[in-house]
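The sequence shown lines up with residues 1 to 70 when you count with UniProt numbering.
All C-beta atoms, glycine included, are put in the ideal place defined by N, C-alpha and C.
In this text the structure is predicted, and so the values were computed from the model without any measurement.
Notes to accompany the following structure.
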Amino acid sequence: MTGCCAPNCHNRSGIGKVLFAVPRAKCAAQVRRRLQWLLRMGREKLPPKRARLCEVRCQKYQLHLISLLR
């Protein structure tokens with residue numbers, strides 16, 4: 001089970017919350033988006049590469065989400 005990386009958040013995928021991947025820094029646009037997410041989360045340290053943010057925090061921080069349909 002993966003948990004949310006937001007400070008003081010205990011939401012996990014196992015309790016029915018959707019988790020979104022924090023953007024990775026592969027190109028300039030992703031670097032900007034990742035920094036925006038981190039600033040809005042109020043994190044002092046960078047989360048791990050596979051960090052996730054729950055749907056509740058995404059709405060709270062008003063983050064721009066990109067969903068990919070397959």
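- Ala6 places its beta carbon 7 Å or farther from that of Leu35.
- Annotated three-state conformation of Arg34 is helix, per DSSP.
- For the beta strand (DSSP E) assignment, the uninterrupted runs of no fewer than 3 residues enclosed by the segment 8-60 are, from N- to C-terminal side, 19-21, 52-54.
- In the structure shown, Cys4 falls within a strand segment according to DSSP collapsed to helix, strand and coil.
- When Arg40, Ala29, Thr2, Ala51 are compared, the shortest CA-CA separation from Gln59 is found for Arg40.
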